[in-house]
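Residue 19 is where the sequence shown starts when you use my numbering, and the numbers rise one by one after that.
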Amino acid sequence: MTKVRDLVRSDRRLTVRMISSVLHFNRQTVHEMLTFELGIQKICAKLVPKILTNEQRGNRRNGCLDLLEGIESDKNFFRHVITGDETWIFEYDPDTKRQSSEWHTSKSPRPKKARMSKSKIKTTLICFFDSQGFVHKEFVPPGQTVNKQYYREVLERLRKRVHRVRPEIADTWMLLHDNAPCHIAIFVNEFLAKKVFQWFRSHHTRLIGVRVTSSFSQNSNSTSNVVILELWTTSKRS
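As structure tokens, then:
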């Protein structure tokens, strides 16, 4: 028992066959010792988008605390937040294995599903929404890359759209987007800050930047305040 425990602790990726070969035990005996006597089982690693460092985890925690402070100070905080991102759109939406499962008796044939074929249509959709629903959406033209120039044009159309569909928050809305390269480009930041008269930075360096800029106005030449909030998850914006 002790030999099996020590061997597993030395390399947790060993298989039952490898353990039985090293210790000269029967494979069934090794399996019973692992599962019943030691109470351990082999678990597959969980896929995550990125392994975060302790600093990045701390930054994310502090960012969430800042948002909670905003909610506590203003219960309607999220009603003024507009967020958005890009996503790929295909011509089909296949069911997953679990979604396509059906109830059948032991004698009924197993259902079949055709293997997913390559989509003939693949385009990018940019959408912005708030707590009430979609605010602005548009498809990226074929062959067009979502770079800093194109994203700046999208933000300009978004500003105009907010005044048409969300006039009640036209003077107080906040933009929340991630730290994609086209979002944090200097060219885009200069566009967002070209009429900045205030700059707020939290005590967490480069974590949350809040910019107060002049908004678009169709009815007059006067400017009104629009808060543009950018959330960065690391101190290096990466």
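Backbone N, C-alpha and C define an ideal beta-carbon position, used for all residues, glycine too.
Residues near T101 by beta carbon distance below 8 Å, same chain, minus five either side: F146, F147, D148, L193, L194, H195
At least three beta-carbon pairs within less than 8 Å, the region 165 to 179 to the region 197 to 209: yes
Contact set for Q162: own chain, Cβ-Cβ below 7 Å, skip 5 residues either direction: Y168
First through last residue of the beta strand (DSSP E) which encompasses C145: 140 to 148
Cβ contact check for the region 73 to 82 and the region 37 to 46: 3 or more pairs under 8 Å: no
Counted within 10 angstroms of its Cβ, other Cβ atoms place I58 as buried (16 or more) or exposed: Classification of I58: exposed, given that the 10 Å Cβ count is below 16.
Status (buried if at least 16 other CB within 10 Å, exposed otherwise) for H122: Around the beta-carbon of H122, fewer than 16 other beta-carbon atoms lie within 10 Å, marking it exposed.
Nearest residue (CA-CA) to H98, options W191, F205, V153, I89: W191
Run of the alpha helix (DSSP H) containing V183, from where it starts to where it stops: 166 to 183
Residues bridged to T101 [DSSP beta-bridge criterion]: F147, L194
H154, DSSP secondary structure in three states: strand
Neighbourhood of G88 by C-beta distance below 8 Å, restricted to the same chain and skipping five residues each side: Excluding sequence neighbours, G88 sits near F95.
Cα-Cα separation between V158 and R175, rounded to whole angstroms: Taking the straight line joining both Cα atoms gives about 13 Å.
Beta-carbon spacing of V206, R184 below 8 Å: no
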